[in-house]
Each structure stands twice: as structure tokens, then as C-alpha cells.
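Notes for the one structure printed next.
Residue numbers (our numbering), protein chains in the order written: chain X, 111 to 295; chain Z, 259 to 486.
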């Protein structure tokens, strides 16, 4: 049937055997290789690749979620730091405002007290001046009253012996003496 | 007691005649089973949830465990070949376990294990050239000194041979031993006594050889990709 000797051996090979090394074996190896390649392609298409792709996508998704979570965490940390800084700043401003208010109130209070003191001192001085003036007025009035009284008494005593001219002279002398006298203060 | 691989029918393709053997037919049956399983999984997981439950959990755990296995055996570059080895792993495992239901495992025929072994061989060459560069990879055959070139070439060529014969020998030996026990036992005892043998040879050795084949193949690829 065939002129090529190995192929003659092939077709004339024993029907059943466990092991052989001939053309039949080579063809069977090729056939089995084709079978396994075909099986690999089908299993890869139907089972391995879809599951592998799914696992890969899920891993990437989880990785993305982890990355996003890390990013969110970092953002949250930044915001928290910023918030804390703002709070610290607000606290500092509050302290500064309070200090300024305390200081301003103290200044105002001190100024008011000073003004009050000044005013009181002025009033006190004025009062002392007024008292002094009143005292002088009173002294003058008393002097005048004493002189008038003395003059009346003297007039009554000397009415019979001293004329008008002498009376005026005596009055003037008495007045001069009285003026020379120092009054107790 | 017959350990031979049956020839089912003779086919002529491009003027060449060859037998469709029991191995090839069993391989097709296993392929149909695995493809059916894949279709079932896709149907069950047509809408996958972000939070896996039940069946989705099992499939995800299976894929993730396999990717971890590939990465641990061959490093980062191994992930490019994970799809191939996922199929090889499932195929060898189901083939080995198919003996439990009375199939002659395709892996008990050297043509299947040779196809897998040579696939690893070519993948190793491809991985080495792709990730290390053709020049640097070929240069590695002359290391540590040029006189080692023949030894390095032989070492490289021996890998698919050793890989394929290890798997073939282990599965065939289990098959032969169990067949002998079945032959020697009286008919009444054939339903009970071989059970431990099936557990050991089909389940334990079958799973172990699957892991060994994939682990060795991946380590060869990892070594080919690795820088000196």
C-alpha cells in the first residue's frame, strides 16, 4: 500500500501493545499534543481566564478601594489638622480678645477713677477756698458788728461829753486799732 | 489480564494510516468531561459576586491555590504558563483518577506522557529564550565551561524523557498491579479487597504524580527563566 517503509511498519504494527517506538507512536504523540492543546484552549477560554480575569478585576477594585480609603484618610487627617489649627487660632484669638477687653476695661476704669479723683480733689480744693472766703467774710462781718456795737456803746457812754467831731475821731482811731489786731483763724 | 492498549479503528489522514487507540478515545472522553465541567462552572458562575460564597468560593480557591503553586514553583515568570499547567494538572489528575471507574488512564500510555513531557521541553526553551534572551539562554548551555555543552544538552533532552517515563511508569505499574490482583483474586473477593489498592495507586499515586509532574515542569521553566 505504501512505498515508504516506516509507514508500512506503521500499518503493520501489532494491534495491541503497551509501549512502542515507531511512526505510530510519533503520530499518537502529535495527536495527543493536539488534543491537549485543544483542551487547554477550551479550558482557558471557558474556565481559567474568566475566573482569573474576575479575580484580577476584583483585586484591582479592592486595591483601588484601599487606595481611595488611604487617600480619604489622608484628606481627613489634613482636615483634622487644619480644623485643630483653626480651633487653636480661635482659642488664641479668644484669649487675645479677652485680654484686650480686660486691659481696655482696666484702662477705662483707671481713667474713670483718676477723673473722679481729680474732680473730687478739685471740689475739695474749691470747697476749701469757699470755706476760706466764707470765713473771711464772717470775720469781716463780726469785725463790723463789733465796731458798730462798740461805737454804739461808746456813743452812749460819751454822748454827754464828746461832741460829734471827737466821736468820729475816736471811732477812726478805734477802727485803726482793731484793724491792726490780728484775729484768730 | 490484558495491559495492552487496544486499537479501535484505523484512520487514513494525508495518506498516512494510523490507529485510533483506546488512549486517544479515553482522552476524548476525559476532554469532554473537563469541557463539560468548565461549561457547568461557567453556567453556575455566570454572575460572579464580589463576596464569594459556596461554589464560587471553591472555584476561586482552586484557581488561587493553583496560581500560588505555580508562583512558588517557577517564580513570577511562571504566571505566563499558569493556564497551560492548569489544564495539564486537571487532565493528568482526571486521567489518573479515571482508573477508579474502570478506564484505562491515558497517562498509562507513553504517547500521552511524552506529549506532555515534550510540551514542557518546548515551553522551557521558549521561556528561557523569552525571559533571558536567546543569546544568554543559549550561552547557558556552555556554562560553566564549553566542554559541558554536550552534558547540558543531554541534561535538557533527558528532562522530557524522565518526566514522561516517571508518570507513565507509575500509572502503568499501578494499573498492572491492580489488574494482577483482580486476576488472582476469586470473583467474590474482587469487590472488596482491591479497594485499598485503588485508593493507594489511583488516588494517592495518581494525585502525587500529578503534582510531581507539574512541580518539576514548573521548576524547569523557573530555572530556565532565572538569571544566573
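The beta-carbon is built from N, C-alpha and C at its ideal position, and this holds for glycine as well.
Taken through DSSP and simplified to helix, strand or coil, residue 275 (chain Z) comes out as strand.
Secondary structure note for residue 404 (chain Z): it is in no alpha helix (DSSP H), with a DSSP letter that is neither H nor E. In summary, residue 289 (chain Z) is buried, with 16 or more beta-carbon neighbours lying within 10 Å of its beta-carbon over all protein chains present.
Annotated three-state conformation of residue 269 (chain Z) is strand, per DSSP. Its Cα nearest to that of residue 478 (chain Z), the residue Z:384 stands out among Z:310, Z:384, Z:467.
Membership of residue 346 (chain Z) in the alpha helix (DSSP H) is indicated by the continuous run 340-355.
Exposed is the label assigned to residue 196 (chain X), since fewer than 16 other Cβ atoms lie within 10 Å of its Cβ. Just so you know, the alpha carbons of residue 352 (chain Z) and residue 186 (chain X) end up roughly 54 Å apart. Residue 300 (chain Z) carries a helical assignment under DSSP once its states are collapsed to helix, strand and coil.
By the C-beta criterion, the stretch 276-283 of chain Z is judged to be in contact with the stretch 365-373 of chain Z, since at least 3 inter-stretch pairs fall below 8 Å. In the structure shown, residue 448 (chain Z) falls within a coil segment according to DSSP collapsed to helix, strand and coil. Collapsing the DSSP output to three states places residue 362 (chain Z) in coil.
The residues 275, 277, in chain order, have a CB closer than 7 Å to that of residue 268 (chain Z) in the same chain once the five nearest residues on each side in sequence are set aside. Close to chain Z, meaning a Cβ-Cβ distance shorter than 8 Å, are the following residues of the stretch 153-179 of chain X: 153, 154, 156, 157, 158, 159, 160, 161, 162, 164, 165, 168, 171.
Cβ-Cβ distances below 7 Å link residue 456 (chain Z) to 358, 436 in the same chain, with the five nearest sequence neighbours on each side left out; the list follows chain order. Within the same chain, 261 come within 6 Å of residue 434 (chain Z) by CB-CB distance, once the 5 residues on both sides are set aside. Counting only the Cα atoms, residue 388 (chain Z) lies some 23 Å from residue 408 (chain Z). Here residue 149 (chain X) is actually not in contact with residue 381 (chain Z); their C-beta atoms are around 16 Å apart, not less than 8 Å.
The Cβ neighbour count for residue 192 (chain X), taken over all protein chains shown within 10 Å, is under 16; the residue is labelled exposed. When 7 Å is used as the limit between beta carbons, residue 308 (chain Z) is near these residues of chain X: 168, in chain order.
Contact with chain X is found for residue 300 (chain Z), since one of that chain's Cβ atoms lies less than 8 Å from the residue's Cβ. Under DSSP, residue 263 (chain Z) shares a beta bridge with X:127. Counting only Cβ-Cβ distances below 7 Å, residue 365 (chain Z) has no contacts in chain X at all, with the closest Cβ about 10 Å away. Rounded to whole angstroms, the gap between the alpha carbons of residue 216 (chain X) and residue 226 (chain X) is 15 Å. For residue 308 (chain Z), there is no enclosing alpha helix (DSSP H), as DSSP marks it with neither H nor E. Between residue 421 (chain Z) and residue 475 (chain Z), the CB-CB gap stays under 8 Å. Setting aside the 5 residues that flank it on each side, residue 266 (chain Z) is surrounded in the same chain by 278, 283, each with a C-beta closer than 6 Å to its C-beta; the list follows chain order. For residue 457 (chain Z), there is no enclosing alpha helix (DSSP H), since its DSSP letter is neither H nor E.
Classified as buried, residue 342 (chain Z) has 16 or more neighbouring CB atoms from the shown chains inside 10 Å of its CB. Sequence-distant partners of residue 307 (chain Z) (beyond 5 residues in either direction) whose C-beta falls short of 7 Å from its own C-beta, in its chain, are 314. Of the residues assessed, residue 219 (chain X) falls on the exposed side of the cut-off, its CB having fewer than 16 other CB atoms within 10 angstroms. With contacts defined by Cβ atoms closer than 8 Å, residue 429 (chain Z) and residue 128 (chain X) do not form a contacting pair.
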